[in-house]
Amino acid sequence: MAPLNEESLARARAVVALYPERRSALIPLCHIAQAQEGWLTPEAMEQIAGLVGVTAAEVRGTASFYDMLHLEPIGRHLVAVCTNIACLLAGGYELLEHAEERLGIRAGQTTDDGEFTLEEVECVAACDVAPCVQVNHRFFGPLDDDSFDRLVDELRSGALAGDVPRHGVLCRVERAVGLLARPAGDGAPAAAPVAAPVEPPARKATRKRS
Amino acid sequence: MITDAAAIITARLSAHPDSHTLERYLATGGYEGLRRALATAPETLREEVNKASLLGRGGAGFPAGRKWSMLRQADVTYLVVNGDESEPATFKDHLLIERDPHQVIEGTLIAAYALGVEQAFIFCRGEFALGLERLTQACNEAYALGAIGHDIFGSGFSVDLVIHPGAGAYICGEETALLESLEGKRGFPRIKPPYFPAAVGLYGAPTVVNNIETVSNIPWITLNGGDAFAALGQGSSTGTRLFALSGRVERPGWFEVEMSKTTFRDLIYAPAFGGGVKDGKELKALIPGGVSAPWFGPEHVDLGLDQDAVGKAGSMLGSGSIVVMDETTCAVRAAWRIARFFWRESCGQCTPCREGSGWIEKILRRLEDGGGRESDLDLLMDACDNISPGVHWPPEQTTICVLGPSIPSAVASGIRMFRDEFLLHVKEGGCPIRGAR
Chain V
439 MAPLNEESLA RARAVVALYP ERRSALIPLC HIAQAQEGWL TPEAMEQIAG
489 LVGVTAAEVR GTASFYDMLH LEPIGRHLVA VCTNIACLLA GGYELLEHAE
539 ERLGIRAGQT TDDGEFTLEE VECVAACDVA PCVQVNHRFF GPLDDDSFDR
589 LVDELRSGAL AGDVPRHGVL CRVERAVGLL ARPAGDGAPA AAPVAAPVEP
639 PARKATRKRS
Chain H
2 MITDAAAIIT ARLSAHPDSH TLERYLATGG YEGLRRALAT APETLREEVN
52 KASLLGRGGA GFPAGRKWSM LRQADVTYLV VNGDESEPAT FKDHLLIERD
102 PHQVIEGTLI AAYALGVEQA FIFCRGEFAL GLERLTQACN EAYALGAIGH
152 DIFGSGFSVD LVIHPGAGAY ICGEETALLE SLEGKRGFPR IKPPYFPAAV
202 GLYGAPTVVN NIETVSNIPW ITLNGGDAFA ALGQGSSTGT RLFALSGRVE
252 RPGWFEVEMS KTTFRDLIYA PAFGGGVKDG KELKALIPGG VSAPWFGPEH
302 VDLGLDQDAV GKAGSMLGSG SIVVMDETTC AVRAAWRIAR FFWRESCGQC
352 TPCREGSGWI EKILRRLEDG GGRESDLDLL MDACDNISPG VHWPPEQTTI
402 CVLGPSIPSA VASGIRMFRD EFLLHVKEGG CPIRGAR
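One line per chain: the protein sequences are V and H, in this order. Every position in the first sequence, counted from 1, becomes a number in the working numbering once 438 is added. Every position in the second sequence, counted from 1, becomes a number in the working numbering once 1 is added.
Right under this line is the structure:
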């Protein structure tokens with residue numbers, strides 16, 4: 439359990455500066471928090487709330503809607519087995535059953551050593567390699583029982599560490615620049631990533647839509 | 002008739018394993034479309050897209066040119082590219098994002114210029130980690146090249162682009178839910194009217210939302226003209242389309258083909274494409290356009306891959322994903338898995354969708370597992386009728402978005418096409434097919 443460190447905060451502030459309204463950065467900031475801790479800690483949600491100008495409850499209420507945002511700690515490797523229609527037709531459920539047996543846990547559970555969390559997921563758009571699995575959102579497929587076992591071994595030994603960073607690390611390429619379309623001082627967002635002030639959460643008047 | 006694959010959007014990625022790099026992109030005509038566009042009047046570009054009759058490739062098939070023409074004039078407008086591809090069995094945008102990210106970005110920039118938009122977003126599905134990395138890398142490179150930012154290529158036009166990661170929710174593919182998500186909220190589709198983000202979109206400002214495959218076509222249209230695009234295909238289905246083929250076929254994969262000219266039979270059986278039903282089995286049914294689409298039987302395989310033709314036959318080309326079921330496929334189980342998907346992904350705002358999906362999922366599971374009753378078939382159709390009165394195609398709408406009316410497609414198709422198989426589940430106390438597989 440930890441708040442955002444200085445590095446994560448700097449990344450977060452640069453991201454906030456990219457959006458016309460701060461709240462738009464809420465989900466990208468949740469990803470930054472997960473990249474640091476592997477899950478979305480209550481402390482991080484408090485900080486995100488301050489950074490984007492909403493309450494911590496609103497961050498939690500938003501984050502809980504999304505499958506990729508984890509409000510509880512999970513394993514270093516999130517093994518997501520797809521069982522949707524294309525994978526079902528290629529043996530996705532049989533693969534999930536094997537995965538449960540191999541890892542000794544049911545879908546939704548984490549191994550005692552904290553290495554693996556197993557999930558049954560909806561279509562991840564890799565139906566040409568069904569049945570497919572994502573580990574920390576990196577694709578593997580088509581897999582049978584044997585290739586699944588090898589995958590688990592390689593994940594455990596660290597042989598795949600270069601391809602599969604630990605859970606939470608999503609995009610390893612940082613945006614290089616801020617907004618450049620309008621020169622600074624134009625009344626528009628500044629060109630370079632600047633620190634957005636951390637303000638106490640404030641409720642804004644709801645914008646009229648029509 | 003089997004036509005050769007006419008490659009517009011997959012030409013580069015088919016020929017080059019390094020198609021995602023800037024080096025390869027520039028060596029194969031990359032950003033020439035943008036340069037040409039910047040030397041052309043925006044209204045001329047919009048007219049070319051109109052002439053191309055480019056239909057939106059996200060699922061609804063709405064003409065892109067018309068969508069553009071609806072953008073309300075305002076001081077601030079936005080362009081959002083929808084890369085939240087989540088319709089089960091659809092994997093074309095995933096391919097385009099990972100393998101040709103610069104093409105996506107160039108199409109986005111041309112669209113922004115044609116629309117006079119100064120800030121664009123590409124909403125990329127969060128589960129596409131590699132796609133996010135490649136898009137971000139390409140975005141950085143395009144900024145460094147001077148293709149994005151202030152006064153791009155010395156044209157006087159300025160635009161910013163932000164790659165926005167999603168966080169896992171099927172419903173965010175619905176354009177108003179996507180905008181809510183981009184505003185940092187739960188992905189709840191907005192109440193209509195207003196019907197179009199072009200009137201009221203991101204932060205209430207006029208916004209065009211285009212699909213990844215749609216914008217990927219824009220550089221080619223800019224360089225070759227709308228007429229050249231419209232010369233491919235026939236009727237309202239112009240150009241090429243990237244189809245995703247999966248399920249019980251020998252060679253699942255993606256195939257870009259000229260619209261209308263290729264049939265479902267070609268795509269499934271031709272050696273150049275699917276290579277036939279797996280293990281030489283008989284075709285039982287196919288889903289012509291994502292799991293929201295009603296199923297087709299073998300009698301429909303000679304239909305062309307044409308939006309109007311498929312619509313007239315009672316289904317939709319939708320997201321361009323075709324799923325093949327063979328004689329080893331249990332119709333009840335297939336319908337159950339699709340119902341389970343909708344039940345898990347319903348955002349929960351509307352009662353017919355939230356409750357109906359759960360009812361249908363539970364009844365189908367009971368049939369599959371041996372606890373079914375003969376009356377369950379009527380009960381299922383009644384639940385479908387509560388979600389979408391009449392259970393016909395195109396469906397009646399009782400909910401805020403089209404997720405709800407999509408739920409009956411699979412289960413009603415299953416019952417109508419394979420009634421005896423459903424009844425056999427009741428009679429035999431469980432699945433008669435799964436055991437045989």
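Cβ atoms here follow ideal geometry from the backbone N, Cα and C, with glycine treated the same way. All of these numbers come straight from a predicted model, not from anything done at the bench.
| Item | Value |
| --- | --- |
| Ignoring anything shorter than 4 residues, give me the alpha helix (DSSP H) runs that lie fully in the region 483-561 of chain V, in order along the chain. | 494-501, 523-527, 530-541 |
| Near leucine 598 of chain V, what residues of its chain come up, given a Cβ to Cβ distance below 6 Å and the 5 sequence neighbours on each side ignored? | Glu592 |
| Using a Cβ-Cβ cut-off of 6 Å (strictly less than) and excluding sequence neighbours within five positions of isoleucine 523 of chain V, which residues of its own chain qualify? | none |
| Report back the beta-carbon spacing between threonine 500 of chain V and glycine 349 of chain H to the nearest angstrom; my notes put them in contact at under 8 Å. | In fact, because the Cβ distance is near 14 Å, the residues do not count as touching under 8 Å. |
| If you run the structure through DSSP and keep just helix, strand and coil, what is glycine 80 of chain H? | A small fix is needed here, since residue 80 of chain H is leucine in this sequence, not glycine. In the structure shown, leucine 80 of chain H sits in a strand (DSSP, three-state: E or B). |
| Anything in the region 178-192 of chain H with a Cβ closer than 8 Å to a Cβ of chain V? List those residues in chain order, please. | Ser182, Leu183, Glu184, Gly185, Lys186, Arg187, Gly188, Arg191 |
| So, are the CB atoms of tyrosine 215 of chain H and glycine 59 of chain H less than 8 Å apart? | It should be pointed out that residue 215 of chain H corresponds to threonine in this sequence rather than to tyrosine. It is a contact, given that the beta carbons lie within the stated cut-off. |
| Might you give, ordered along the chain, the residues of its own chain that have their beta carbon closer than 6 Å to the beta carbon of tyrosine 26 of chain H, omitting 5 neighbours on each side? | His103 |
| With the cut-off set at 8 Å, would you say glycine 240 of chain H and alanine 65 of chain H are in Cβ contact? | no |
| With a cut-off of 8 Å, does the C-beta of histidine 605 of chain V fall near any C-beta of chain H? | no |
| How would you call proline 569 of chain V, buried or exposed, if buried means at least 16 neighbouring beta carbons within 10 angstroms? | buried |
| Going by beta-carbon coordinates alone, are leucine 246 of chain H and glycine 275 of chain H separated by less than 8 Å? | yes |
| Mind checking which residues open and close the beta strand (DSSP E) that includes arginine 242 of chain H? | 241-248 |
| Name the chain V residues whose beta carbon is nearer than 7 Å to that of leucine 133 of chain H? | Leu608, Cys609 |
| Are the C-beta of leucine 447 of chain V and some C-beta of chain H separated by less than 8 Å? | no |
| Pull out every residue of the region 328-344 of chain H whose Cβ sits closer than 7 Å to any Cβ of chain V, in chain order. | Thr330, Ala335, Arg338, Ile339, Phe342 |
| Pull up the distance between the alpha-carbon of glutamate 429 of chain H and that of serine 414 of chain H, whole angstroms please. | 22 Å |
| Taking Cβ positions only, does isoleucine 543 of chain V come closer than 8 Å to chain H? | no |
| Mind checking glycine 30 of chain H: buried by the 16 CB within 10 Å criterion, or exposed? | exposed |
| Under 7 Å Cβ-Cβ, which residues of chain H neighbour serine 462 of chain V? | Leu183, Glu184, Gly185 |
| Using DSSP bridges, identify the partner residues of isoleucine 164 of chain H. | H/Ile123 |
| Shorter than 8 Å from the beta carbon of alanine 452 of chain V to some beta carbon of chain H? | no |
| Give the straight-line distance between the Cα atoms of aspartate 85 of chain H and histidine 95 of chain H, rounded to the nearest whole angstrom. | 9 Å |
| Where DSSP assigns a beta bridge to valine 324 of chain H, which residues make up the other side? | H/Ser247, H/Ile288 |
| Determine, using beta-carbon pairs with one atom in the region 578-593 of chain V and one in the region 526-541 of chain V, whether at least three such pairs fall under 8 Å. | yes |
| So who's on the other strand from arginine 576 of chain V, going by DSSP bridges? | V/Val573 |
| Helix, strand or coil: which one does DSSP assign to valine 590 of chain V? | helix |
| Express the C-alpha separation of proline 621 of chain V and leucine 447 of chain V in angstroms, rounding to a whole number. | 25 Å |
| Are there 16 or more other CB atoms within 10 angstroms of the CB of glycine 236 of chain H, so buried, or fewer, so exposed? | exposed |
| Any C-beta of chain H sitting closer than 8 Å to the C-beta of phenylalanine 503 of chain V? | yes |
| Can you give me the start and stop residues for the beta strand (DSSP E) that asparagine 225 of chain H sits inside? | Asparagine 225 of chain H -> not in any beta strand (DSSP E); alpha helix (DSSP H) instead, spanning 219-225. |
| Between phenylalanine 189 of chain H and tyrosine 171 of chain H, what straight-line distance do the alpha-carbon atoms span, to the nearest angstrom? | 11 Å |
| Can the beta-carbon of cysteine 520 of chain V be found closer than 8 Å to that of cysteine 561 of chain V? | yes |
| For lysine 93 of chain H, count neighbouring C-beta atoms within 10 Å of its own C-beta (all shown protein chains included) and say buried if the count is 16 or more, exposed if not. | buried |
| Suppose you measure from the CA of methionine 326 of chain H to the CA of leucine 287 of chain H; what does that come to, to the nearest Å? | 6 Å |
| How is valine 210 of chain H classed by DSSP in three states: helix, strand or coil? | strand |
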